[in-house]
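Notes to accompany the following structure.
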Amino acid sequence: MKRLILFAAACSIIANAYSQNITGKIVDEQNVPLSYANVVLLSLPDSAFVSGTISGENGEFSVSKHTEKGSSQCLKISSIGYRTLILDVQKDKVGTIVLKEESTMLKGIIVNGERPLVKAEKGALTYDVEAMAEKSTISNAYESITRLPGVMEQNEKLTLMGAGGVTVILNGKPSSMTNEQLMNLLKNTPVSNVKKAEIMYNAPAKYRVRGAVINIELKRQKSEEAFVRGEIGGNFTKGEYARGNGNMNLSFVGKKITADMLYSADYTKIKTAYDFISHHTLNGKLYEVEQYNKGSKRNFTHNIRTSLDYQIAENDNLNMAYTAAITPSIKSLETSRGNLSESLNAKTGNQQMHNFNFDYTSHWGMNVGLDYTRFSYPSVQDFTNKNGNTGQDFLVNSKQRINRWNVYAGQTHTLANDWSLNYGVNFSFADEKSSQAYSPQDGKDMSGLNSDTDLDERTYNFYGGFEKSFGENLSLSLSVAGEYYKLADYTRWAVYPSMQLSYMPSASHALLFSFSSDKAYPDYWEMQDITSYLNGYAKLVGNPNLRPSTDYTANFTYVLKNKYMFDLYYTHVKDLFAQLAYQSPDELSMIYQSVNYNYEQNFGVSVIIPFAVGSFWNSRISLDGSYFKDVCHDYHDISFEKTAWRGLAMMNNTFKLASNPAISLELNGMYVTSSIQGIYDLSSIWKVDAGLKWTSANKKAELRLKVNDVFDSAIPDATVNYKGQHFEMNQHADSRYFSMSFTYKFGGFKSKEHKEVDTSRFGY
1 MKRLILFAAA
11 CSIIANAYSQ
21 NITGKIVDEQ
31 NVPLSYANVV
41 LLSLPDSAFV
51 SGTISGENGE
61 FSVSKHTEKG
71 SSQCLKISSI
81 GYRTLILDVQ
91 KDKVGTIVLK
101 EESTMLKGII
111 VNGERPLVKA
121 EKGALTYDVE
131 AMAEKSTISN
141 AYESITRLPG
151 VMEQNEKLTL
161 MGAGGVTVIL
171 NGKPSSMTNE
181 QLMNLLKNTP
191 VSNVKKAEIM
201 YNAPAKYRVR
211 GAVINIELKR
221 QKSEEAFVRG
231 EIGGNFTKGE
241 YARGNGNMNL
251 SFVGKKITAD
261 MLYSADYTKI
271 KTAYDFISHH
281 TLNGKLYEVE
291 QYNKGSKRNF
301 THNIRTSLDY
311 QIAENDNLNM
321 AYTAAITPSI
331 KSLETSRGNL
341 SESLNAKTGN
351 QQMHNFNFDY
361 TSHWGMNVGL
371 DYTRFSYPSV
381 QDFTNKNGNT
391 GQDFLVNSKQ
401 RINRWNVYAG
411 QTHTLANDWS
421 LNYGVNFSFA
431 DEKSSQAYSP
441 QDGKDMSGLN
451 SDTDLDERTY
461 NFYGGFEKSF
471 GENLSLSLSV
481 AGEYYKLADY
491 TRWAVYPSMQ
501 LSYMPSASHA
511 LLFSFSSDKA
521 YPDYWEMQDI
531 TSYLNGYAKL
541 VGNPNLRPST
551 DYTANFTYVL
561 KNKYMFDLYY
571 THVKDLFAQL
581 AYQSPDELSM
591 IYQSVNYNYE
601 QNFGVSVIIP
611 FAVGSFWNSR
621 ISLDGSYFKD
631 VCHDYHDISF
641 EKTAWRGLAM
651 MNNTFKLASN
661 PAISLELNGM
671 YVTSSIQGIY
681 DLSSIWKVDA
691 GLKWTSANKK
701 AELRLKVNDV
711 FDSAIPDATV
721 NYKGQHFEMN
731 QHADSRYFSM
741 SFTYKFGGFK
751 SKEHKEVDTS
761 RFGY
């Protein structure tokens with residue numbers, strides 16, 4: 001035992017002798033400390049990774065070295081907007097290191113190098129987010145997505161020109177959050193932690209999602225020394241009403257373990273308003289109905305997320321995460337006044353979502369995981385309506401509870417001659433229970449509207465595919481997924497092929513072709529046999545016969561000089577489902593119900609042209625022209641087949657007003673011509689947004705001012721005059737608002753990869 005103790009002590013002395021720290025300080029050319037700069041120690045001459053860290057708030061760093069006596073090493077230091085520096089290490093204290101801005105001096109003239117805007121890599125369009133951040137007012141991951149060429153944002157929903165709907169994933173993993181929760185997570189992820197963004201018009205099956213995908217890849221750094229860092233922030237927004245939020249993020253980073261905690265408190269209050277003018281023919285008589293509706297919705301939500309990442313070994317990682325969104329109070333109130341009726345619709349409720357996720361990735365290419373979500377939403381509706389000498393007065397107690405499990409496993413093999421093989425399974429099980437009980441306050445019998453539903457949904461998905469590179473210029477990805485879907489008595493087998501082909505004849509030209517197929521599912525409440533009154537004229541009716549839709553998309557993209565993009569696309573959606581309004585032939589009421597079309601077709605062309613005027617003005621013009629055709633042979637007692645051409649133009653501009661501190665102005669505009677949605681004719685819209693961003697010299701504090709939809713012109717109106725259906729809907733949504741946000745970073749901040757909880761089909 002004594003010899004063992006002496007041996008251990010000797011080993012400790014030797015380890016301490018050769019496990020010293022290299023220290024120093026990083027500043028810019030104005031001697032301002034640079035925080036969050038990447039510091040990597042490499043061994044020579046093979047440039048192998050030894051250790052790494054980031055500089056602190058005062059620019060100082062300390063990185064461990066574990067090298068044999070007499071060996072050589074170097075430091076690689078980099079930071080956004082500065083030239084990377086390679087420094088030979090001769091001693092443990094390297095002193096003050098000065099990083100220069102990313103520019104080159106040529107005979108007294110500053111020539112700024114232009115980073116490529118986009119690269120075509122194995123069927124994906126890859127964007128340098130760091131370069132985008134330098135030329136715009138973006139501050140978080142969500143804003144970086146909205147600035148990607150071809151991406152449009154409206155009402156917190158993201159669409160991609162040439163693909164329509166798009167799924168956002170993080171670090172190659174599919175999301176499982178509601179759209180609102182995902183937006184909140186991305187808005188709380190600093191853009192400095194985003195390595196790159198990838199757009200795939202057709203995601204290979206190994207991603208466990210189908211169709212168009214935006215993959216946000218976050219930076220992953222190692223630290224020999226444990227540290228804690230964080231960020232606090234707040235936002236105030238004023239539209240028709242005031243609303244705001246506060247958030248805090250803390251992160252512990254160690255050599256093997258990383259732990260994250262996110263908390264935000266969000267208070268929201270928005271206006272709801274629309275005018276409904278209906279020319280309703282009933283039993284051969286025309287009724288002119290005018291109803292003017294106005295109300296508000298408000299809630300207070302606690303968003304909580306904790307996660308723990310443990311690196312078992314190199315490329316062997318275990319992740320555990322808990323996510324919760326708790327809204328103890330949801331209140332909405334809407335009044336409707338017109339020549340038919342006067343009604344008051346008040347609704348209160350509370351909503352909770354809890355998600356647990358376990359994910360393991362091995363060094364041999366295997367990924368397995370388990371995801372469980374529990375969702376509940378009880379509510380009470382208090383409805384009163386006066387229509388001449390008659391009226392309604394009732395309460396409705398509604399409940400929805402969902403338990404959903406998702407189990408997945410995948411394997412990737414890297415083979416010889418640039419071949420890659422992948423396959424896996426993804427099983428989902430959902431149990432949805434909902435009920436609706438009417439309690440009349442005027443003695444009437446409304447028991448026929450009561451409902452109690454129990455939906456059992458099963459989805460079994462199997463996939464396989466391969467990737468192959470033919471030299472440096474040509475690559476191919478081909479995969480196929482088989483799916484068995486069961487909902488109550490409805491069962492369906494389906495096959496979803498996908499293919500990506502990319503060809504780069506030279507550094508200035510890239511050609512990409514993709515074909516994909518996908519399925520979309522209705523919200524659970526849309527498939528219920530329920531009736532819910534909106535006002536004295538309109539009511540919402542469920543559709544138990546609603547079915548999932550299947551879409552097929554082909555896309556051809558040409559990229560010139562890594563920045564100019566030209567795109568041709570075609571989409572066919574079978575059984576597309578959408579909610580439409582319909583004048584009842586049996587009573588004087590408007591019915592809102594989700595229905596399946598036979599199909600929707602869409603084809604078009606888009607062009608994206610970026611340009612810059614010196615370092616002061618950066619701009620991007622996006623143009624899109626497309627053709628739509630909606631066909632439904634069984635829409636209540638009529639059918640429809642409507643077509644339309646739609647044009648879209650966007651211009652994004654950023655003006656750099658100052659460098660130290662950084663001040664930038666952003667001015668964006670959009671115009672969309674008239675279009676269709678089922679039997680609706682949608683009006684043209686236009687929108688102007690303006691923003692100003694100030695960043696402190698040490699990059700710890702940031703203030704942002706923004707005006708959204710300056711002229712309150714971004715919400716389309718809808719008109720219908722088709723086969724006896726005749727009405728207009730004029731929207732007055734809360735689209736124009738002013739917002740002010742402030743963020744302060746302390747100790748350094750790093751937001752880890754989060755797997756989101758998909759509750760997009762929950763609620764009612």
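Residue numbers for the sequence shown follow full-length UniProt numbering, beginning at 1 and rising by one. C-beta: ideal position from N, C-alpha, C; glycine also.
Cβ pair residue i, residue j closer than 8 Å
i, j, result
"lysine 271", "aspartate 734", "yes"
"aspartate 260", "asparagine 319", "no"
"glycine 162", "tyrosine 569", "yes"
"aspartate 37", "serine 78", "Residue 37 is actually alanine in this sequence, not aspartate. Contact: yes."
"serine 517", "serine 498", "yes"
"residue 774", "serine 479", "The structure shown has nothing for residue 774, since the chain only spans 1 to 764."
"serine 332", "asparagine 350", "no"
"serine 64", "glutamate 225", "yes"
"phenylalanine 276", "methionine 729", "yes"
"serine 508", "leucine 560", "yes"
"aspartate 456", "alanine 488", "yes"
"tyrosine 582", "leucine 340", "no"
"lysine 285", "threonine 335", "no"
Inter-residue Cα distance where the pair is residue i and residue j
i, j, result
"leucine 534", "alanine 718", "18 Å"
"isoleucine 109", "aspartate 28", "Model confidence at isoleucine 109 stands at a pLDDT of 35, short of 50, so the residue's coordinates are unreliable and nothing is read from them."
"valine 688", "tryptophan 419", "48 Å"
"serine 362", "aspartate 316", "4 Å"
"glutamate 240", "isoleucine 54", "44 Å"
"asparagine 588", "tyrosine 201", "Note that residue 588 corresponds to leucine in the displayed sequence, not to asparagine. Rounded to whole angstroms, leucine 588 to tyrosine 201 spans 45 Å at the Cα level."
"arginine 210", "tyrosine 127", "21 Å"
"valine 541", "threonine 531", "5 Å"
"glutamate 753", "leucine 170", "Because glutamate 753 carries a pLDDT of 43, less than 50, the predicted location of this residue cannot be relied on, and the following value inherits that uncertainty. Spanning the two alpha carbons is a distance of roughly 6 Å."
"isoleucine 312", "tryptophan 364", "13 Å"
"lysine 745", "glycine 56", "11 Å"
"tyrosine 484", "tyrosine 496", "11 Å"
"glycine 747", "leucine 250", "10 Å"
"lysine 157", "valine 168", "11 Å"
"arginine 404", "phenylalanine 356", "11 Å"
"tyrosine 274", "lysine 539", "15 Å"
"leucine 667", "lysine 706", "10 Å"
Beta-bridge pairing of residue i - partner residues as DSSP gives them
i, result
"isoleucine 97", "Ile26"
"arginine 374", "His354, Asn403"
"glutamine 90", "Answer is none; glutamine 90 lacks a bridge partner."
"asparagine 618", "Ala612, Thr654"
"tryptophan 419", "Lys468"
"histidine 726", "Asn721"
"glycine 244", "Phe236, Tyr267"
"asparagine 385", "Ser343, Gln392"
"arginine 298", "Lys269, Lys331"
"alanine 313", "Asp316"
"asparagine 249", "Glu231, Leu262"
"asparagine 283", "BP columns for asparagine 283 are empty, so no partner."
Proximity winner among the options, relative to residue i (alpha-carbon distances)
i, options, result
"glutamine 73", "Lys238, Asn58, Ser43, Phe515", "Ser43"
"serine 672", "Ile86, Ala554, Asp442, Ser713", "Reading off the sequence, residue 672 comes out as valine, not serine. Of Ile86, Ala554, Asp442, Ser713, the residue nearest in Cα terms is Ser713."
"leucine 125", "Leu512, Arg298, Pro548", "Leu512"
"threonine 281", "Asn202, Lys723, Gln30", "Lys723"
"asparagine 426", "Asp371, Leu415, His302", "Asp371"
"leucine 476", "Gly482, Glu467, Tyr484", "Glu467"
"aspartate 266", "Lys563, Gly233, His279, Phe300", "Phe300"
"tyrosine 627", "Glu600, Met366, Ala494, Gln381", "Glu600"
"alanine 324", "Tyr287, Ser264, Thr84", "Ser264"
"lysine 629", "Ile663, Ser664, His572", "His572"
Cβ of residue i within 8 Å of any chain C Cβ
i, result
"threonine 272", "No chain C appears in this structure, which consists of one protein chain only."
Within 8 Å, do at least three Cβ pairs link the region 402-413 to the region 379-389? By the C-beta criterion, the region 379-389 is judged not to be in contact with the region 402-413, since fewer than 3 inter-stretch pairs fall below 8 Å.
Problem - Any 3 or more C-beta pairs closer than 8 Å across the region 634-647 and the region 665-683 - result: yes
Item to check | Touch test, the region 137-147 against the region 193-204, Cβ-Cβ under 8 Å, three pairs minimum | outcome: yes
Quiz item: If you pair each beta-carbon of the region 552-569 with each one of the region 602-612, do three or more pairs fall below 8 Å?
Solution: yes
The region 520-528 contacting the region 90-104, beta-carbon criterion three pairs below 8 Å:
With fewer than three CB-CB distances shorter than 8 Å, the region 520-528 does not count as touching the region 90-104.
inquiry  = For the structure I just gave you, are there three or more beta carbon pairs, one from the region 610-630 and one from the region 650-658, closer than 8 Å?
reply    = yes
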